[in-house]
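Before any comments, here is the structure.
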Amino acid sequence: MIAAKSFVEAARACGFSRYTGVPCSYLTPFINYVRRDAALNYISAANEGDALASASGAAIGGERAVVMLQNSGLGNAVNPLTSLNYVFRIPVLLIISHRGEPGQKDEPQHELMGAITTALLDTMKIPWEPFPDQERQIQAVLERATNYMQAASRPYALIMRKGAVAAGVEEGPSASPNTSLISSPDASPSPTGLSMGDDTEAQHARPSRREALQKVIAATPQEDTVVIATTGFTGRELCALADRKNQLYMVGSMGCASSLALGLALAKPALRIVVVDGDGAALMRLGNFATIGHYAPPGLIHLLLDNEVHDSTGAQATASTTVDFAAIARACGYGMSLRGDGLGLLDALFADTAPPGPRFAQLKIRPGSMADLPRPPQPPDEVLRRLMRHIGSAF
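In terms of the numbering used here, the sequence shown opens at residue 855 and continues consecutively.
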């Protein structure tokens, strides 16, 4: 059995400063220690997939990151592990508590995941080893993990057994809690008074995605702005319009663009981070609205292009006709929240006189995309490395 302090301080010496996660009783000493240390940073995520994506965003910003989760939540992280971290080659350290370990008595809901946890990691090609339960093991474990992450640029996992970490509260170097600014929501009404569930004729009068993205490009100078485009036609169309070194095109991990942007915005507060989301993607991970609103990075701008369909898979309808995303963002603590169907909405969103972020706008657009829409010519990991060189960061 080790003390949480011993591992966290050894990890700090190896450069790990960002922690994200969803709590587990096995992990309580770690989370409490990190939260009490003002020099460390913790994101309490709504689910494990968003925790992983936020840590990945922080890693893109140059912070070494640790993701803490219970193995029952590993299923929530499978998609970003396989289509974000693997594809883009983003290294993070995973600490996974092993509930339902074979031979150990536990709750019935942990039985199956407990039996397949390590096999699941093997299937996803994620190397793993037991979390150290003796002080003398810690340094060697961290060296193996960091050496692999540096060489392969992919995640490494530590599996924590029950009793590996001593229970109890340990205070970090600073006893004051690690808190974050929560901005006051803007309760002003939507600038257009747009109604929910507009008819087909009204849909066709809306701007196109191309027109919206052209406005985004004009408002995001390369020297101080990063643009993250959600998976599907949004990223492909942005790349076709202007393939710039300050842009990242998500090719998988649907719904994780906003959580990735959150991690990057917290790691790089001097930059303006613009995430271009979609209604289907946002519905998939609505919990991240609350996380963004709580941690409130001032440089984050969240634009949701809402065409009410899953455009890239055949234009199947989403549930967005009855969802007011702007009201959700406002309720979650965004500093600015707008909703409308005119391109003038983007002028208000990007205005220098707007309140500090996070800012949000739900822009209703019409379905459809550019004809013969190409895919980005460079592999995803090369696009990411180009962006990282541009913002001066490295893994």
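Here a beta-carbon is modelled for each residue, glycine too, at the ideal position from N, C-alpha and C.
Q | Proximity of Thr1085 and Gly1106 at Cβ, strictly below 7 Å | A | One-based indexing of the sequence shown puts residue 1085 at position 231. One-based indexing of the sequence shown puts residue 1106 at position 252. If you check the CB distance, Thr1085 and Gly1106 come in under 7 Å.
Report task. Please name the residue, chosen from Glu902, Ala1183 and Glu1162, that lies closest to Ala1173 on a Cα-to-Cα basis. Result -> Residue 1173 sits at position 319 when you count from the first residue of the sequence shown. Checking every option, the nearest Cα to that of Ala1173 belongs to Glu1162.
**Span separating the alpha-carbon of Trp982 from that of Asp891** = The count along the sequence shown starts at 1 and reaches residue 982 at position 128. The count along the sequence shown starts at 1 and reaches residue 891 at position 37. So the two alpha carbons sit approximately 27 Å from each other.
* **Three-state secondary structure (DSSP) of Phe985** => For the purposes of this step, residue 985 is taken as residue 131 along the sequence shown, with counting starting at 1. Assignment of Phe985 by DSSP, reduced to helix, strand and coil, places it in the coil class.
Margin query: Can you tell me whether Ser937 is helix, strand or coil according to DSSP?
Written below: If you number the sequence shown from 1, residue 937 lands on position 83. It is helical.
May I ask you to report which of helix, strand or coil DSSP gives His1148? Within the sequence shown, the letter at position 294 stands for residue 1148. Helix at His1148.
- Query: What residue range is occupied by the uninterrupted beta strand (DSSP E) comprising Met1242?
  - Reply: As a working note, residue 1242 is residue 388 in the sequence shown. Met1242 -> not in any beta strand (DSSP E); alpha helix (DSSP H) instead, spanning Pro1234 to Ile1245.
query: Among Leu1095, Arg1090, Thr1079 and Glu1077, which residue has its Cα nearest to the Cα of Glu1065?
result: Locating residue 1065 in the sequence shown gives position 211, counting from the first residue. It is Leu1095 whose Cα lies nearest to the Cα of Glu1065.
Can you grab the Cα-Cα spacing for the pair Pro1043 / Ala1181, in whole Å? Here residue 1043 is taken as the residue at index 189 of the sequence shown, counted from 1. Here residue 1181 is taken as the residue at index 327 of the sequence shown, counted from 1. Summary for Pro1043: the model assigns pLDDT 41, below 50, so the residue's position carries little reliability; its value from the coordinates is reported in the next sentence. Near 9 Å, if we compare the C-alpha coordinates of Ala1181 and Pro1043.
For Gln939, which residues of its own chain have a beta-carbon under 8 Å away from its beta-carbon, when the five flanking residues on both sides are left out? Numbered from 1 along the sequence shown, position 85 holds the residue referred to as residue 939. Per the sequence shown, residue 939 should be read as Asn rather than Gln. If we look at Asn939 and ignore the five residues flanking it on each side, its Cβ neighbours are Leu906, Ser910, Pro945, Val946, Arg1008 and Pro1009.
| task | For Leu1250, count neighbouring Cβ atoms within 10 angstroms of its own Cβ and tell me buried if that reaches 16, exposed if not. | result | This structure cannot settle anything about residue 1250, because the visible part of the chain is limited to 855 through 1249.
What are the boundary residues of the beta strand (DSSP E) that Asn895 is part of?
-> Taking the first residue of the sequence shown as 1, we reach residue 895 at position 41. For Asn895, the uninterrupted beta strand (DSSP E) segment begins and ends at Asn895 to Ser898.
Report task. For Arg1064, name the three-state secondary structure that DSSP assigns. Result -> Position 210 of the sequence shown, counting from 1, holds the residue named residue 1064. Helix, per DSSP.
Going by alpha carbons, who is nearest to Ile914 out of Thr1167, Pro1152 and Asn1100?
One-based indexing of the sequence shown puts residue 914 at position 60. Selected option, being the one with the closest Cα: Asn1100.
Query raised in the report: CB Tyr1103 to CB Ala1135, shorter than 7 Å?
Result: The count along the sequence shown starts at 1 and reaches residue 1103 at position 249. The count along the sequence shown starts at 1 and reaches residue 1135 at position 281. The answer is no: Cβ separation not under 7 Å.
Once DSSP output is grouped into helix, strand and coil, what is the label at Gln993? As a first step, residue 993 is located in the sequence shown; it is residue number 139 there, counting from the start. Helix.
Legend entry - Endpoints, beta strand (DSSP E) assigned at Met922: Mapped onto the sequence shown, residue 922 falls at position 68. Under the DSSP assignment, Met922 falls in the beta strand (DSSP E) whose first and last residues are Arg918 to Gln924.
* To do: Can you check DSSP and say which residues form a bridge with Lys1218?
  => Here residue 1218 refers to the residue found at position 364 of the sequence shown. Asp1160, per the DSSP bridge assignment.
As an exercise, report each continuous beta strand (DSSP E) stretch of at least 3 residues that is fully enclosed by the segment 1167-1207, in chain order. Within the segment 1167-1207, the complete beta strand (DSSP E) runs of at least 3 residues are 1190-1194.
With contact counted as at least three CB pairs below 8 Å, one residue from each stretch, are the segment 867-881 and the segment 920-933 in contact? As far as the Cβ criterion goes, the segment 867-881 touches the segment 920-933, which means the pair count is three or higher.
- Query: If you follow the beta strand (DSSP E) that Gly1089 is part of, which residue opens it and which one closes it?
  - Reply: For the purposes of this step, residue 1089 is taken as residue 235 along the sequence shown, with counting starting at 1. Counting along the chain, Gly1089 falls outside any beta strand (DSSP E), though it belongs to the alpha helix (DSSP H) covering Phe1087 to Leu1095.
*asked:* Counting C-beta neighbours from all protein chains within 10 Å, is the total for Lys959 16 or more, i.e. buried, or is it exposed?
replied: Walking along the sequence shown from the start, residue 959 turns up at place 105. Classification for Lys959: exposed.
With a threshold of 7 Å on Cβ separation, who are the neighbours of Met1190 within its own chain once the five nearest residues in sequence on each side are excluded? Translated into the one-based positions of the sequence shown, residue 1190 becomes position 336. The beta carbon of Met1190 sits closer than 7 Å to the beta carbons of Asp1040, Ala1208, Pro1209, Arg1213 and Phe1214 from its chain, once the five residues preceding and following it are set aside; these are given in chain order.
* Asked: Taking Phe985 as the reference, which of Asn886, Gln1057, Asn901 and Ser860 has the closest Cα?
  -> Along the sequence shown, one-based indexing puts residue 985 at 131. Measuring C-alpha to C-alpha distances from Phe985 to each of Asn886, Gln1057, Asn901 and Ser860 identifies Ser860 as the nearest.
Q. Does the Cβ of His964 have 16 or more other Cβ atoms within 10 Å, making it buried, or fewer, making it exposed?
A. Position 110 of the sequence shown, counted from the start, is the residue given in the question as residue 964. Classification of His964: buried, given that the 10 Å Cβ count is 16 or more.
Opposing strand residues paired with Phe870 [DSSP bridges]: Here the question's residue 870 lines up with position 16 in the sequence shown. Paired residue(s): Arg918.
| task | Report the option in Ala1144, Ile950, Ala1124 and Thr1074 whose CA atom is closest to the CA atom of Val1130. | result | By 1-based counting over the sequence shown, the position of residue 1130 is 276. Of the listed residues, the one whose Cα sits closest to Val1130 is Thr1074.
| query | Since Leu1200 contacts Leu1217 with CB under 8 Å, what's their CB separation in whole angstroms? | reply | Numbered from its first residue, the sequence shown carries residue 1200 at position 346. Numbered from its first residue, the sequence shown carries residue 1217 at position 363. A Cβ-Cβ separation of about 7 Å places Leu1200 in contact with Leu1217 under the 8 Å criterion.
| said: Whole angstroms are fine: how far does the CA of Met1138 sit from the CA of Leu881? | reply: The residue given as residue 881 occupies position 27 in the sequence shown. The residue given as residue 1138 occupies position 284 in the sequence shown. Going by the C-alpha atoms only, they are around 27 Å apart.
**Residue nearest to Val1076 in terms of C-alpha spacing, selected from Cys868, Arg1240 and Phe884** = Stepping through the sequence shown from its first residue, residue 1076 is reached at position 222. Here the sequence assigns Gln to residue 1076, which means Val is not the residue at that position. Ranked by Cα distance from Gln1076, the options Cys868, Arg1240 and Phe884 are led by Arg1240.
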